[in-house]
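Throughout the sequence shown, residue numbering follows our numbering, covering 92 to 244 in sequence. Virtual Cβ for every residue (Gly too), placed ideally from N, Cα, C.
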Amino acid sequence: MLCFSVCCLVSLLFLSAVDSGKTLRKIKEQLQKNKQLKFMSEEQPLQQVEESWLEQPLDHFNRLKVKTFSQKFFVNEAHWDRPDGPVFLFIGGEGPIFKFDVLAGHHVEMAQQHRALLLAVEHRFYGDSINPDATMEEMSHTHTECFTSMVRL
Numbered sequence: 092m093l094c095f096s097v098c099c100l101v102s103l104l105f106l107s108a109v110d111s112g113k114t115l116r117k118i119k120e121q122l123q124k125n126k127q128l129k130f131m132s133e134e135q136p137l138q139q140v141e142e143s144w145l146e147q148p149l150d151h152f153n154r155l156k157v158k159t160f161s162q163k164f165f166v167n168e169a170h171w172d173r174p175d176g177p178v179f180l181f182i183g184g185e186g187p188i189f190k191f192d193v194l195a196g197h198h199v200e201m202a203q204q205h206r207a208l209l210l211a212v213e214h215r216f217y218g219d220s221i222n223p224d225a226t227m228e229e230m231s232h233t234h235t236e237c238f239t240s241m242v243r244l
């Protein structure tokens, strides 16, 4: 009887975790849409923000491995006090980044206030920065490699 109760509890926890993941993804998608709509409704001139790519090594710590992947990023220089202004780095979460990630949001307002360069970079292995040939071994160092990739940017 105790085993059955434990199995039921574990099943319920698993189902709620799966459902909450879907819910969180939907919330993120809706927030992104709202950010884009807000930006478009403010009738601001669309700033020149280009999608850019940087070739990154899959393994920063092993020079013998030469495999690379392309990492997407956007730069907003509109309010930057060049060359002395700060640089704000926006690291994308577990999903794609978009042009609007450097055009709207609290971090953009802070960049305006502090006259900062704003750089948004897509997290490796998410969004369009996915290497289709990556092995599980290469993906096991995702977070460590992510921070090292930020240094290269």
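Buried/exposed call for residue i, threshold 16 Cβ in 10 Å
i: residue 163; result: buried
i: residue 161; result: exposed
i: residue 205; result: exposed
i: residue 153; result: exposed
i: residue 210; result: buried
i: residue 139; result: exposed
i: residue 224; result: exposed
i: residue 192; result: buried
i: residue 166; result: buried
i: residue 136; result: Its pLDDT being 49, under 50, residue 136 is placed unreliably in this model, and the value from its coordinates should be taken loosely. Exposed, since its Cβ has fewer than 16 Cβ neighbours within 10 Å.
Short Cβ contact (8 Å threshold) for residue i with residue j
i: residue 198; j: residue 216; result: no
i: residue 120; j: residue 190; result: no
i: residue 183; j: residue 213; result: yes
i: residue 170; j: residue 195; result: no
i: residue 208; j: residue 178; result: yes
i: residue 219; j: residue 174; result: no
For residue i, the residue or residues it bridges with in DSSP
i: residue 163; result: 144
i: residue 180; result: 210
Cα-Cα separation, residue i to residue j
i: residue 253; j: residue 158; result: Examination of residue 253 is not possible in this model, given that the chain is present from 92 through 244 alone.
i: residue 117; j: residue 185; result: 13 Å
i: residue 122; j: residue 114; result: 12 Å
i: residue 227; j: residue 200; result: 39 Å
i: residue 156; j: residue 168; result: 35 Å
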